[in-house]
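Remember, the numbering used here sits 36 above the position in the sequence shown when you count from 1.
All C-beta atoms, glycine included, are put in the ideal place defined by N, C-alpha and C.
Since the structure comes first, as C-alpha cells, the remarks are kept for the end.
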Amino acid sequence: MIKIHSHTVLKVDAPIRLVDYVIGVFPQVMTKNAVKNSLKRKELLINSKRAESGFWIKVGDIIEYVDPQNRIPKEFPLDIEVVFSDDYLLVVNKPPGLVVSGNQFRTLENALVNSIKLSSQEDALKWAKPVHRLDSATSGLVLLAKTAEAHRKLSSMFKDKTIEKKYRAIVQGKPKELMIVKDSIEGKESESELRLLESVHSVKSDFLSLIELTPKTGRTHQLRIHCKNIGHPIVGDKLYGEEGNIMNHKGLFLSAVSLRFMHPILNEEVFAELEQPKKFDALLKRESQWFNRIRN
Numbered sequence: 037m038i039k040i041h042s043h044t045v046l047k048v049d050a051p052i053r054l055v056d057y058v059i060g061v062f063p064q065v066m067t068k069n070a071v072k073n074s075l076k077r078k079e080l081l082i083n084s085k086r087a088e089s090g091f092w093i094k095v096g097d098i099i100e101y102v103d104p105q106n107r108i109p110k111e112f113p114l115d116i117e118v119v120f121s122d123d124y125l126l127v128v129n130k131p132p133g134l135v136v137s138g139n140q141f142r143t144l145e146n147a148l149v150n151s152i153k154l155s156s157q158e159d160a161l162k163w164a165k166p167v168h169r170l171d172s173a174t175s176g177l178v179l180l181a182k183t184a185e186a187h188r189k190l191s192s193m194f195k196d197k198t199i200e201k202k203y204r205a206i207v208q209g210k211p212k213e214l215m216i217v218k219d220s221i222e223g224k225e226s227e228s229e230l231r232l233l234e235s236v237h238s239v240k241s242d243f244l245s246l247i248e249l250t251p252k253t254g255r256t257h258q259l260r261i262h263c264k265n266i267g268h269p270i271v272g273d274k275l276y277g278e279e280g281n282i283m284n285h286k287g288l289f290l291s292a293v294s295l296r297f298m299h300p301i302l303n304e305e306v307f308a309e310l311e312q313p314k315k316f317d318a319l320l321k322r323e324s325q326w327f328n329r330i331r332n
C-alpha cells in the first residue's frame, strides 16, 4: 500500500459524514460518486483504518488516499509519444479523442501500462498515473507520476498553480494582440491570457487566427469557454462553437504545447515542448489559399 495524499481535519463547522466531507479534498475524489468508488476500492483510510462512508468527521482525524496496488489496468494497445521521462515522472503527447483516465478501457493511462520504464524508487507506482487532465478532444502534453512522492507533490503544484501550461488554438475571427480574459465558470473565478500569433483571411469567418493561450486557473473547459465568451470560438468546438461553422470531422483545434515546472524531487526546471499539430498549419494555409482564389 502506498500513501498518495494525507489530510488532517482542522475544523468542522457542522456534523458531516466522511462521504460528504472528503469531496474535493483529494484530486481523485472530486465528486460524491468518485468518493463512493474510492471507498469500494479501499483507497481511503481514516486514522489508518479503512474508511466507511458513514463515519462522522471530527477535528484531528487523518484521512489518507492510498494506492492499494492491486488493480493494474488492462493494457490498451496504442503507441504514445514520450516527450520527457526520468525515474520520477514523465510527460507524454496525448492524441486527440483519447481520455486521460477513468473507467473506460481506451485511456491514456491504460495505453502506458507495460510500455514505459517504471521507477526504481522505493515508493514506485506499478504504473504511471496522471496528475492532471486534458479534455478528450484536446491533444498535447500530459504529466504523469512514477512515484507516490512525485504524484503527491505534482498534484500540490497544480493546485498551487506553480506549473505553467501553454496551449495553441485556432479561433474564428481576429482577436486583439493581447487579452486577459476573466470570467466566472460554475461560480468560480477563472482567468486566461490570450496572445495573437497569426491571422489569415477566411471566406466563412472573415479571419481565422492562431493564438497562444495561458490558463491562470484550471476550470473545466476554461479555454474553450473563454474563447467563446469573447466572440472567438475555437475551430472544431462542437460544444461551444458557432452552429454551422464548426468544421465537422476535423477535430478540435486546441493543443497543449508546453509545460514548465520545477522538478518535485530534483528541484531542477523541466521544460517540455511540442510543435503545434500539423493540421493547424494546413488549415491556415488552406483557408488563405481558398480566400485568395475566390477574391481573385
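Using only CA atoms, which one of Leu46, Asn265, Asn69, Val119 lies nearest to phenylalanine 307? Val119
Looking at valine 61 and isoleucine 99, is the spacing between their C-beta atoms short of 8 Å? yes
Between lysine 165 and serine 121, what straight-line distance do the alpha-carbon atoms span, to the nearest angstrom? 13 Å
Does the ligand PLP have even one heavy atom less than 7 Å from the beta-carbon of serine 74? This structure simply doesn't include the ligand PLP, nor any ligand for that matter.
Tell me the start and end of each unbroken alpha helix (DSSP H) in the stretch 138-218 that is at least 4 residues and wholly inside, in chain order. 144-147, 184-195
Is leucine 144 close to chain B, meaning its C-beta is less than 8 Å from at least one C-beta of that chain? Protein chains in the displayed structure number just one, and chain B is not present.
At least three beta-carbon pairs within less than 8 Å, the stretch 272-292 to the stretch 184-194: no
With a CB to CB cut of under 8 Å and the five nearest residues on each side skipped, what residues in its chain are close to proline 113? The residues are Ala147.
State the CB to CB distance for the pair glutamate 111 and asparagine 129, rounded to an integer number of angstroms; the pair is presumed to be in contact (CB under 8 Å). About 19 Å separates the two Cβ atoms, so there is no contact after all.
Going by other Cβ atoms of all chains shown within 10 Å of its Cβ, with 16 needed for buried, is lysine 274 buried or exposed? exposed
Beta-bridge partners of arginine 53, as assigned by DSSP: Trp92
Can you grab the Cα-Cα spacing for the pair glycine 277 / leucine 295, in whole Å? Cα to Cα, glycine 277 sits roughly 26 Å from leucine 295.
Just checking, does the stretch 202-218 make contact with the stretch 180-191 on the three C-beta pairs under 8 Å criterion? no
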